[in-house]
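Residue numbers for the sequence shown follow UniProt numbering, beginning at 1 and rising by one.
Here a beta-carbon is modelled for each residue, glycine too, at the ideal position from N, C-alpha and C.
Contents: one structure, followed by commentary.
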Amino acid sequence: MSDSWVWSLLLTMEKFEALKQQFCSDKTIISKKDLAGRIPLHWAVSGKRKDIVNFLLQQGSPVDCADEAQWTALMIASSVGHADIVSSLLERGAQVNAVNQTGHTSLHYAASKGHLEVARLLLEQHADVNARDHMGSTPLHRAASLGHDHVVRLFLEGYRNKLDLDARDAVGNTPLHLACEEDRSQTARLLVQAGCRTDVPNKEEKTALQVAAPSLRRMIEVLVAERESRRLS
Numbered sequence: 001m002s003d004s005w006v007w008s009l010l011l012t013m014e015k016f017e018a019l020k021q022q023f024c025s026d027k028t029i030i031s032k033k034d035l036a037g038r039i040p041l042h043w044a045v046s047g048k049r050k051d052i053v054n055f056l057l058q059q060g061s062p063v064d065c066a067d068e069a070q071w072t073a074l075m076i077a078s079s080v081g082h083a084d085i086v087s088s089l090l091e092r093g094a095q096v097n098a099v100n101q102t103g104h105t106s107l108h109y110a111a112s113k114g115h116l117e118v119a120r121l122l123l124e125q126h127a128d129v130n131a132r133d134h135m136g137s138t139p140l141h142r143a144a145s146l147g148h149d150h151v152v153r154l155f156l157e158g159y160r161n162k163l164d165l166d167a168r169d170a171v172g173n174t175p176l177h178l179a180c181e182e183d184r185s186q187t188a189r190l191l192v193q194a195g196c197r198t199d200v201p202n203k204e205e206k207t208a209l210q211v212a213a214p215s216l217r218r219m220i221e222v223l224v225a226e227r228e229s230r231r232l233s
């Protein structure tokens with residue numbers, strides 16, 4: 001199918017009625033792909049067009065159709081942070097733990113972008129909080145590395161019994177390693193107070209303390225001492 005008219009039409013509000021008429025006259029358009037393997041639903045989600053998304057879903061659009069890079073509409077919605085669209089897709093049964101060609105799930109994207117409400121919606125529908133991409137990173141790795149403390153708190157407070165706090169990625173880094181490398185002091189504080197280990201070596205044989213800046217290292221050492229004191233009291 002040509003890349004041109006359907007995709008531009010999708011994102012043009014004043015032509016929405018024409019779009020409806022086109023779909024009603026030719027139902028096959030709803031699942032036809034462009035050169036990147038995307039169907040109209042992908043493009044409507046990319047444009048944050050909730051009205052068009054809902055129309056397409058009502059017309060029976062495939063929910064989990066993946067493009068050539070294995071991106072689903074739910075992944076796109078999670079990445080752009082549109083909670084209402086995420087909710088609509090989940091209500092239609094979108095696969096919450098689908099992975100693309102880099103191994104990322106929708107929750108990876110929500111965590112990377114700091115989209116708290118999206119992450120919450122995904123987790124409520126049983127998104128795997130410990131899902132690993134092809135580099136071994138979990139959503140917690142992504143949130144910790146980028147300093148999205150509100151998402152880190154969500155993982156720690158709501159899913160601590162499931163969360164692999166000391167998960168190691170492909171190079172052996174834990175979420176604490178990444179927080180320390182990026183000098184995310186508040187993130188590191190949250191992780192240490194939640195009970196993460198500080199003595200896990202990565203593949204370079206360095207612990208999180210060893211990659212931390214001096215001031216951050218001192219803060220972590222104090223937190224660990226306080227944690228140990230509470231444990232023994």
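Have a look at residue 36 and residue 75 and give me their C-alpha separation to the nearest angstrom.
Roughly 16 Å separates the two Cα atoms.
With burial defined as no fewer than 16 other Cβ atoms inside 10 Å of the residue's Cβ, what is the status of residue 218: buried or exposed?
The C-beta of residue 218 has fewer than 16 other C-beta atoms within 10 Å across all chains shown, which makes the residue exposed.
By the 10 Å Cβ neighbour count, where 16 or more other Cβ atoms means buried, how is residue 160 classified, buried or exposed?
Result: exposed.
With a cut-off of 8 Å on the beta carbons, I'd call residue 112 and residue 142 a contact; round off their distance for me.
A Cβ-Cβ distance of about 4 Å is found for the pair residue 112 and residue 142, placing them in contact under the 8 Å criterion.
Could you check which residue in 194, 94, 63 and 192 has the C-alpha nearest to that of residue 125?
Considering only alpha carbons, the answer is 94.
So is residue 214 buried or exposed if we call it buried at 16+ other beta carbons inside 10 Å?
Its Cβ having fewer than 16 others within 10 Å, residue 214 is exposed.
In terms of alpha-carbon separation, which member of 53, 170 and 140 lies closest to residue 105?
Taking only the C-alpha atoms, the option nearest residue 105 is 140.
Could you name the residues of the same chain whose beta carbon sits closer than 8 Å to that of residue 147, not counting the 5 residues immediately before and after it, in chain order?
Contacts found: 179, 182, 184, 186 and 187.
Go through its chain and collect everything with a Cβ distance to residue 192's Cβ below 6 Å, but skip five positions before and after it.
Non-local beta-carbon contacts of residue 192 in its own chain, meaning distances under 6 Å to residues more than five positions away in sequence, involve 220 and 223 in chain order.
Just reading off the alpha helix (DSSP H) that residue 208 is part of, what are its end residues?
Secondary structure note for residue 208: its alpha helix (DSSP H) is the uninterrupted segment 208 to 211.
Which of helix, strand or coil does DSSP assign to residue 30?
Three-state result, residue 30: helix.
Just confirm the distance between the C-beta atoms of residue 100 and residue 119, as a whole number of angstroms; I'd bet it's less than 8 Å.
Contact annotation, residue 100 with residue 119: C-beta distance approximately 17 Å; criterion of less than 8 Å not satisfied.
What span of residues does the alpha helix (DSSP H) with residue 86 cover, start to end?
For residue 86, the enclosing alpha helix (DSSP H) starts and ends at 83 to 91.
Same chain, Cβ closer than 7 Å to residue 116, five either side skipped, listed in chain order
Result list for residue 116: 150, 151 and 154, in chain order.
How long is the line joining the alpha carbons of residue 226 and residue 87, rounded to whole angstroms?
Here the alpha carbon of residue 226 sits roughly 41 Å from the alpha carbon of residue 87.
For residue 135 and residue 107, I'd like the C-alpha separation in whole angstroms.
Answer to the nearest angstrom: the Cα atoms are 15 Å apart.
What is the rounded straight-line gap between the Cα of residue 18 and the Cα of residue 176?
Taking the Cα positions, residue 18 is about 52 Å away from residue 176.
In its own chain, which residues sit with a C-beta less than 8 Å from the C-beta of residue 20, not counting the 5 before and 5 after it?
Spatial neighbours of residue 20 in its own chain (CB-CB distance under 8 Å, excluding positions within 5 residues in sequence) are listed in chain order as 55.
Could you tell me which uninterrupted alpha helix (DSSP H) segments, each at least 4 residues in length, are contained entirely in the segment 127 to 152, listed from first to last along the chain?
As far as the segment 127 to 152 is concerned, its whole alpha helix (DSSP H) runs of at least 4 residues are 139 to 146.
Which residues in the same chain have their Cβ closer than 6 Å to the Cβ of residue 208, if we skip the five residues on either side of it in sequence?
Non-local beta-carbon contacts of residue 208 in its own chain, meaning distances under 6 Å to residues more than five positions away in sequence, involve 176, 177, 180 and 198 in chain order.
For residue 52 and residue 132, what's the separation of their Cα atoms in angstroms?
Cα to Cα, residue 52 sits roughly 32 Å from residue 132.
Rounded to the nearest angstrom, what separates residue 77 and residue 58 at their Cα positions?
So the alpha carbons of these two residues sit roughly 18 Å apart.
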